[in-house]
Amino acid sequence: MKWMEGAKQGIVVAGGQGEGNDLTQLLYPQGVVVDQLGTVYVADPGNDRIMRWPQGATQGSVIVGGN
348 MKWMEGAKQG IVVAGGQGEG NDLTQLLYPQ GVVVDQLGTV YVADPGNDRI MRWPQGATQG
408 SVIVGGN
């Protein structure tokens, strides 16, 4: 979730489609990093992968690992 200052609702920026192994899903996500460009990186150990969501993306991409 991303919360803009003063917002009453957050914006889903990674995952958000329930548990699973699709590119819109995560399974037991643990670590999250956001870089200067707004790209979100998520450690997704339930799927043995690292995912990346560029700002505005509707689905992530696997950058390391995967089932």
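FYI, in this note's numbering the residues of the sequence shown are 348 to 414.
Ideal Cβ positions, reconstructed from N, Cα and C, are used throughout, including at glycine.
Every value quoted in this text rests on a predicted model; they were computed, and no experiment measured them.
Sheet register partners of residue i (DSSP bridge)
i, result
"L373", "E366"
"A390", "I397"
"V380", "Y388"
"V409", "M398"
"K435", "What the structure shows of the chain is the stretch from 348 to 414, and residue 435 is not part of that stretch, so it cannot be assessed."
Same chain only: Cβ atoms within 6 Å of residue i, ignoring 5 sequence neighbours per side
i, result
"V387", "V360, A361, V381 and W400"
"Q406", "L370 and T371"
Rounded straight-line distance, which links the Cα of residue j to that of residue i
i, j, result
"Q364", "G357", "15 Å"
"Q377", "D391", "6 Å"
"A404", "G353", "23 Å"
"G393", "K355", "31 Å"
"L374", "K349", "19 Å"
is_contact[residue i, chain B] using C-beta, thresh 7 Å
i, result
"A361", "Here there is only one protein chain, and chain B is not present."
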